[in-house]
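S.K.: Here's a structure for you.
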Amino acid sequence: MRHAIITAGSKGLGRKVTETFLNKGYAVTVSYRSDIRAVQALKEQYHDKLDQIHIVQGDVTQKEDLARIVSEGVNRFGRIDVLVNNAGPYVFERKKLMDYKPEEWHEMVDGNLTSMFYLFQHVVPHMREQKYGRIITYGFQGAGDAPGWLYRSAYAASKVGLVSLMKSVALEEAENGITVNMVCPGVITEENKEASIQEAKGKTDNITPVGRPGTGGDIARTIAFLCEEDSDMITGSVIEVTGGVDVLHKYRGKAEE
Numbered sequence: 003m004r005h006a007i008i009t010a011g012s013k014g015l016g017r018k019v020t021e022t023f024l025n026k027g028y029a030v031t032v033s034y035r036s037d038i039r040a041v042q043a044l045k046e047q048y049h050d051k052l053d054q055i056h057i058v059q060g061d062v063t064q065k066e067d068l069a070r071i072v073s074e075g076v077n078r079f080g081r082i083d084v085l086v087n088n089a090g091p092y093v094f095e096r097k098k099l100m101d102y103k104p105e106e107w108h109e110m111v112d113g114n115l116t117s118m119f120y121l122f123q124h125v126v127p128h129m130r131e132q133k134y135g136r137i138i139t140y141g142f143q144g145a146g147d148a149p150g151w152l153y154r155s156a157y158a159a160s161k162v163g164l165v166s167l168m169k170s171v172a173l174e175e176a177e178n179g180i181t182v183n184m185v186c187p188g189v190i191t192e193e194n195k196e197a198s199i200q201e202a203k204g205k206t207d208n209i210t211p212v213g214r215p216g217t218g219g220d221i222a223r224t225i226a227f228l229c230e231e232d233s234d235m236i237t238g239s240v241i242e243v244t245g246g247v248d249v250l251h252k253y254r255g256k257a258e259e
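Numbering (this note's numbering), first residue to last: 3 to 259.
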């Protein structure tokens, strides 16, 4: 049985990824930071698959927690085939770089970039031994071109740095049967993060060029494809799943508006 580790996999976009891998027959280690109710809801829905699920509490900004998430998963299931780092902090308030506090900057960089350094360090040795592995990171529209993102400077800097890190590791580990890719969601509202593609096709979204809202199902489907055994020719890639929406230029007003 293949085993996937999915950080922040109990709710939101991560929940749909967890569901997808469970339904594909994977064992899944799911990390969560604090929302125990989401964990209980996941267990209740998949009560018939509890032998495939391992839950670990952890914060991706803490290197000790990252080590424990991986070690517990490997100890439980004996291997690690897939890592999906769905977790990552985000500052929702729109503001300029000069208005950031140092701790906010470090949270963005540690949670979105440095966390992947530690996760690579922990999972790659297992994948090298197996000569097989699939690693997925998250980014944002245009991250591969290092664009400026108004009022999102700290988050953007961490994710653009992650693009280069992801591409570098993809090249270094290709000989070991390990692929590394980045998936970039578009605008996915809270009510659609755990929705399916079929549910979204019954809705109209005038902001998104394809005419319907994006969902967690869109992201999970893309990740599942990249993690297939025969997807080994796709590595070091930045895949945008946006429906054509212009995420970066959605807001052009002042930060305080």
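Idealized CB from N, CA, C, for every residue including glycine.
Because the structure is a prediction, the values reported are computed rather than measured.
Apart from the five residues on each side of it in sequence, which residues of its chain come closer than 8 Å, Cβ to Cβ, to I221?
M.R.: Residue numbering aside, residue 221 sits at position 219 when the sequence shown is read from its first letter. Within the same chain, I221 has close Cβ partners L15, K18, V19, V185, P187, I190 and V243.
S.K.: Assuming I82 is part of the beta strand (DSSP E), what are its boundary residues?
M.R.: Taking the first residue of the sequence shown as 1, we reach residue 82 at position 80. Where I82 is concerned, there is no enclosing beta strand (DSSP E), given that its DSSP letter is neither H nor E.
S.K.: D67 to G60, Cα distance in whole Å?
M.R.: Position 65 of the sequence shown, counted from the start, is the residue given in the question as residue 67. Position 58 of the sequence shown, counted from the start, is the residue given in the question as residue 60. Spanning the two alpha carbons is a distance of roughly 5 Å.
S.K.: Terminal residues of the continuous alpha helix (DSSP H) containing T22?
M.R.: Indexing the sequence shown from 1 puts residue 22 at position 20. T22 -> alpha helix (DSSP H) spans G14 to N25.
S.K.: Quick one: grab the DSSP three-state call for G11.
M.R.: The residue you call residue 11 lines up with position 9 of the sequence shown. Three-state DSSP puts G11 in coil, outside helix and strand.
S.K.: In chain order, what residues of the same chain lie with their CB nearer than 7 Å to the CB of Y102, ignoring the 5 residues before and after it?
M.R.: On the sequence shown, residue 102 is found 100 positions in, with the first residue counted as 1. A156.
S.K.: Looking only at its chain, what residues have a beta carbon closer than 6 Å to the beta carbon of R136, apart from the 5 residues adjacent to it on each side?
M.R.: What you label residue 136 is simply residue 134 of the sequence shown in a count that begins at 1. Contacts found: V84, T181 and C229.
S.K.: Would you mind stating whether Y34 and I55 have Cβ atoms separated by less than 9 Å?
M.R.: If you number the sequence shown from 1, residue 34 lands on position 32. If you number the sequence shown from 1, residue 55 lands on position 53. Contact flag unset, no.
S.K.: In whole angstroms, what separates the C-alpha of D147 from that of V162?
M.R.: Indexing the sequence shown from 1 puts residue 147 at position 145. Indexing the sequence shown from 1 puts residue 162 at position 160. The alpha-carbon atoms of D147 and V162 are separated by roughly 8 Å.
S.K.: Just confirm the distance between the C-beta atoms of I138 and V86, as a whole number of angstroms; I'd bet it's less than 8 Å.
M.R.: Against the sequence shown, residue 138 aligns to sequence position 136. Against the sequence shown, residue 86 aligns to sequence position 84. Contact flag correct, Cβ pair sits at about 5 Å.
S.K.: List the DSSP bridge partners of G135.
M.R.: Your numbering for residue 135 matches position 133 in the sequence shown. In the DSSP output, where bridge partners are listed per residue, G135 has I180.
S.K.: Within 10 angstroms of the Cβ of G219, are there 16 or more other Cβ atoms? Answer buried if so, exposed if not.
M.R.: For the purposes of this step, residue 219 is taken as residue 217 along the sequence shown, with counting starting at 1. Looking at its Cβ environment, which holds 16 or more other Cβ atoms inside 10 Å, G219 is buried.
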